[in-house]
Amino acid sequence: MKILGRPPAALLRAFMQSPALLAASVRAFGLVENPVGFLWNYLTKTSPASRCVRFRDGLTIHLPGEAEDIVTIFLVFMRRDYGFVPAGTDVVDIGANIGVFSLYAARQGAARVIACEPGLATSELLRRNIEANGLQDVITLVKEAVTNDAGGIVKFPVAANANTSIPTGDFDGETEEVRTTTLNEIVDRFELRNISVLKMDCEGSEYPILLETDDLNLQPVQAVRMEYHNGQVDQLSKKLSAAGLQMTEHTIVNPHHGQLCFERRAA
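Sequential numbering of the sequence shown, starting at 8, is according to our numbering.
In structure tokens, the structure reads:
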């Protein structure tokens with residue numbers, strides 16, 4: 008039997024040789040109600056039969072049955088890939104999907120979370136997760152596609168998942184028309200004056216979104232934590248540096264994909 012493509016003994020050695028991964032796995036025992044089952048689902052990349060992960064503090068995350076969602080929960084809650092969120096602050100989550108990071112931010116005490124998710128199926132599950140945890144006053148769902156054009160219309164796949172992006176060519180699946188917005192418009196609409204974290208996971212749309220955001224509307228942003236695609240890191244770094252945000256972390260997953268963290272430079 009192999010797990011994640013490797014024999015169990017090799018996987019165990021990898022865990023023991025990776026303090027961060029081991030610490031994250033141990034952390035699961037203090038966070039979720041069924042840590043053994045959760046870690047098994049993570050290692051085998053399967054979704055729990057209940058399609059739900061329950062935390063010891065009462066937080067509940069309903070899942071669509073996609074294996075990626077268990078991985079996302081592990082990375083956000085256990086490995087803390089997106090860092091910490093200061094209590095009492097505003098957060099913007101672009102590419103919120105089913106709301107894992109939005110729920111994490113709310114759990115850490117964020118005052119407001121603006122969760123942007125255009126997909127029909129994913130946004131419905133995000134809404135369910137907001138309501139299941141009584142977070143309607145904290146998390147605001149914006150069912151729009153964040154792009155570089157406000158007020159436009161795009162066709163977005165109905166059966167979206169964590170890896171779905173706006174189709175650029177022929178698409179055979181079912182789509183629905185979704186309004187587009189911009190980061191500029193979001194900052195203005197919600198009167199955001201101090202965004203502790205701007206989180207982005209939008210499958211390549213990070214470039215037009217950020218590169219065409221006014222520097223003035225990046226001033227409220229204290230930190231950016233994001234995935235990037237297509238490997239064009241220099242463009243993002245130059246844009247954010249001009250707005251006073253310094254790259255503090257660059258994790259390369261492969262030549263075309265990785266994670267970036269930016270923090271506002273001290274005045």
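We treat Cβ as the ideally placed atom computed from N, Cα and C, and that holds for glycine.
Contact between the segment 255-272 and the segment 227-244 is present, with at least three C-beta pairs closer than 8 Å. A direct Cα-Cα distance of roughly 6 Å separates Asn-140 from Leu-66.
Around Phe-81, the same chain offers Tyr-49 as residues with beta carbons nearer than 6 Å, after the five sequence neighbours per side are excluded. Cys-123 counts as buried, since at least 16 other C-beta atoms from the protein chains shown sit within 10 angstroms of its C-beta.
The three-state secondary structure of Gly-265, taken from DSSP, is strand. In the structure shown, Thr-129 falls within a helical segment according to DSSP collapsed to helix, strand and coil. Sorting Arg-58, Ile-216, His-264 and Val-92 by C-alpha distance to the C-alpha of Asn-155 places Ile-216 at the top. Between Gly-72 and Ser-54, the CB-CB gap stays under 8 Å. The residue from Ile-105, Ala-74 and Ala-117 with its alpha-carbon nearest to that of Gly-95 is Ala-117. Excluding sequence positions up to five before and after Ile-77, its CB lies within less than 8 Å of the CB of Phe-45, Asn-48, Tyr-49, Lys-52, Thr-53, Ser-54, Pro-55, Val-60 and Leu-70, all in the same chain and listed in chain order.
With contacts defined by Cβ atoms closer than 8 Å, Val-92 and Gln-115 form a contacting pair. Pairing Ala-31 with Glu-234, the inter-Cα distance amounts to about 20 Å. Inter-residue distance for Phe-62 and Leu-199 is about 30 Å (C-alpha atoms, whole angstroms).
Looking at the DSSP output, Cys-209 shares a beta bridge with no other residue.
Apart from the 5 residues on each side of it in sequence, Lys-150 sits with its Cβ closer than 6 Å to the Cβ of Ser-130 in its chain, given in chain order. Here Ile-160 is exposed. Its C-beta has fewer than 16 other C-beta atoms within 10 Å.
If you draw a straight line from the Cα of Ile-202 to the Cα of Phe-84, it comes to about 20 Å.
Taking each of Asn-261, Leu-132, Asn-104 and Ile-137 in turn and checking the Cα distance to Val-153, the smallest one comes out for Asn-104. The straight-line gap separating the alpha-carbon atoms of Ala-112 and Arg-232 is approximately 13 Å.
Exclusion of the five residues before and after Asn-261 leaves no residue of its chain whose Cβ lies closer than 8 Å to its Cβ. Taking each of Glu-210, Gly-158 and Gly-211 in turn and checking the Cα distance to Arg-196, the smallest one comes out for Gly-158. In the three-state reduction of the DSSP assignment, Gln-242 falls in the helix class, which pools H, G and I. Of the other Cβ atoms in all chains shown, fewer than 16 fall within 10 Å of the Cβ of Ser-25; this residue is therefore exposed. Fully contained in the segment 66-132 are the following beta strand (DSSP E) runs of length 3 or more, in chain order: 67-69, 97-101 and 119-123. With fewer than 16 other beta carbons inside 10 angstroms of its own, Gly-37 counts as exposed.
Under the DSSP assignment, Pro-227 falls outside any beta strand (DSSP E); it carries neither an H nor an E label.
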